[in-house]
Amino acid sequence: MCLFAVFLLWFFGRTLNWQEVRESLGKANPIYITLAVLVICLGYLLRAFRWKVLLEPITESSLKELFATTTVGFAAVFFVGRAGEIVRPMWLPMRDRRVRPSAALVTLGLERIFDLAALICFFSVTLLFFDPPAASKRDYATQFALVKLIGNLMLAGVVVGFIGLFVYHKFSAPIIAWFERVTDRKFIPQRIRRLFLSLLRQLAASLQILKSVRELFWVVFWTVALWFSIAIPTWFVILAFNLPFHIPLAGAMFVMFWAAMGSLIPTPGGAAGAFHAVTAGGLIFLGVEQNDAAAISIIMHLVYFAPALIFGFYYLFHGDISIARFRSLLSSEHAVEEIEEGEENEVSGSMFQVSSPKNVNELETET
31 MCLFAVFLLW FFGRTLNWQE VRESLGKANP IYITLAVLVI CLGYLLRAFR
81 WKVLLEPITE SSLKELFATT TVGFAAVFFV GRAGEIVRPM WLPMRDRRVR
131 PSAALVTLGL ERIFDLAALI CFFSVTLLFF DPPAASKRDY ATQFALVKLI
181 GNLMLAGVVV GFIGLFVYHK FSAPIIAWFE RVTDRKFIPQ RIRRLFLSLL
231 RQLAASLQIL KSVRELFWVV FWTVALWFSI AIPTWFVILA FNLPFHIPLA
281 GAMFVMFWAA MGSLIPTPGG AAGAFHAVTA GGLIFLGVEQ NDAAAISIIM
331 HLVYFAPALI FGFYYLFHGD ISIARFRSLL SSEHAVEEIE EGEENEVSGS
381 MFQVSSPKNV NELETET
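All residue numbers for the sequence shown refer to our numbering, where the first residue is 31 and numbers rise by one.
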């Protein structure tokens, strides 16, 4: 992956005039950049608020530890790519003993579902109201029509996905019982079977938020607020470069979508190279000159990830978890062992006592 990241960085910079890129970077307004960083920091807090709401149907949790875990998780993603996502559901149970690894893992999955749904909705709504510059419409008319089609198809996929979640929520007991029967085979390792069934139960428990209008409202509210806390800094970074034409907030949301897509590439350095190339491509699509687009993407990458690195290192060095322990969490094999260990503790009864009455125990009784 490191070699792939190097290739992407080369691909990103191969045709750039780096002298012009440096000049463009030097003209960036530091006030806008500072505002962007502050709003991104607020976004990490909003993630912690949402995570707390997602955990409510399963167990109580500490907002402080949720914030710390969120920043440490993003720091891990920066260093090792998307494989670092596993750090969050493993780190939190070590900081807050009330939260089981499987519960943290499932709610992290729900976060990603809500994030993807919100991002696609933002993108689709943006395409309805955003009018790109005339030059872009002329030069990229076919591509823009294709992007609109893709956005609408993804929106339809989000609707289908949420229908699936509602169906699973309503019929989780028979679905889990069916999987218990079909996975009770000699060729299926029991440890994997227990882990899989536990994740299904935790998913069913976490989907209890669908029963509560209040909890569902807060999840949606924090998710929308979170993505505005990313869209607004994206806009601030664009404004910092004082481009010869104005890009509205809707245009920044368009760029944010492509930046998010670029960040999904599992390369170290916070999707280094991929993030820059895709983000710059979105800006060029809007008529931004290539070297200016490159400069904006470089600053945008720093704004997105630098605060998480600062907070992450702070909590890493001021916490009670060693560097060696942190590095071991980056191994997916070790992470699975940790989850299984958590489940074994659950079976022994040591962790049932800290769970909310609304947790998965009721579902296990049903099944």
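In this text, a Cβ means the ideal position worked out from N, Cα and C, and glycines have one as well. These numbers come from a predicted model, not from an experiment.
Alpha-carbon to alpha-carbon, residue j and residue i
i	j	result
R125	T213	33 Å
E376	L76	Unreliable positioning characterises E376 in this predicted model, as indicated by a pLDDT of 46, which lies under 50. The coordinate reading is nonetheless provided below. Their backbone Cα atoms lie some 30 Å apart in a straight line.
M330	F347	26 Å
P219	E115	25 Å
V67	P123	29 Å
T297	F109	9 Å
C71	A338	8 Å
G281	L84	31 Å
R221	S228	11 Å
W265	P278	8 Å
L176	G194	27 Å
V36	S91	40 Å
L140	L225	17 Å
I180	F159	16 Å
R44	F343	33 Å
I314	A323	6 Å
F276	K200	Here residue 276 turns out to be His, not Phe, going by the sequence shown. Cα to Cα, H276 sits roughly 48 Å from K200.
P119	P131	6 Å
K216	F79	43 Å
V189	P274	39 Å
I205	V197	10 Å
L38	A207	46 Å
E86	V129	10 Å
V102	A134	14 Å
W121	G312	35 Å
G56	T64	15 Å
M184	Y345	37 Å
F97	F192	27 Å
C151	T253	12 Å
V107	V117	9 Å
R244	L237	13 Å
L157	G299	30 Å
V155	K94	34 Å
P263	L256	11 Å
I61	V318	21 Å
N182	W288	16 Å
I328	A307	10 Å
E373	Q49	For E373, the predicted model reports a pLDDT of 47, less than 50, meaning its position is unreliable; a value from the coordinates is still stated below. E373 and Q49: Cα-Cα distance of roughly 56 Å.
A105	R127	22 Å
G111	K178	29 Å
Of the listed residues the options, nearest to residue i (C-alpha basis)
i	options	result
T100	L138, G111, F42, L68	L138
F41	I314, A302, F335	A302
F251	E210, E53, W81	W81
R231	K216, F217, L256, A203	A203
V249	V155, D145, F226	D145
G187	E90, E210, I143	I143
A147	C71, A78, A290, F79	A290
E210	W121, R223, R112, L157	R223
V326	S54, I260, V36	Before going further, note that residue 326 is Ile rather than Val in the sequence given. Measuring from the Cα of I326, the nearest candidate turns out to be S54.
T309	G181, L294, M286	M286
I88	Y62, L256, V136, E319	V136
L294	V318, L149, I262	L149
F153	I61, A261, G111	A261
V333	I268, Y345, E319	I268
Q173	L316, F341, F335, G73	L316
Proximity of residue i and residue j at Cβ, strictly below 8 Å
i	j	result
A270	N59	yes
L233	L240	no
F284	G292	no
V51	N321	yes
S242	V69	no
F335	Y74	no
CB contact below 8 Å: residue i versus chain B
i	result
L256	Reference to chain B is not applicable here, since this structure consists of a single protein chain.
beta-carbon residue i near the ligand MN non-hydrogen atom, thresh 7 Å
i	result
G342	You won't find the ligand MN in this model; it holds no ligand whatsoever.
Alpha helix (DSSP H) runs wholly inside the stretch 255-300, at least 4 long, in chain order:
279-293
Unbroken alpha helix (DSSP H) runs of length 4 or more, entirely within the stretch 298-350: which are they?
298-301, 304-315, 320-348
Counting only runs that start and end within the stretch 85-165, where is the alpha helix (DSSP H) found for 4 or more residues in a row?
93-110, 117-125, 131-159
Pick out the complete beta strand (DSSP E) segments inside the stretch 176-228, 3 residues or longer, and give them in chain order.
none
Return the chain-ordered ranges of every alpha helix (DSSP H) run that is complete within the stretch 50-89 and spans a minimum of 4 residues.
60-85
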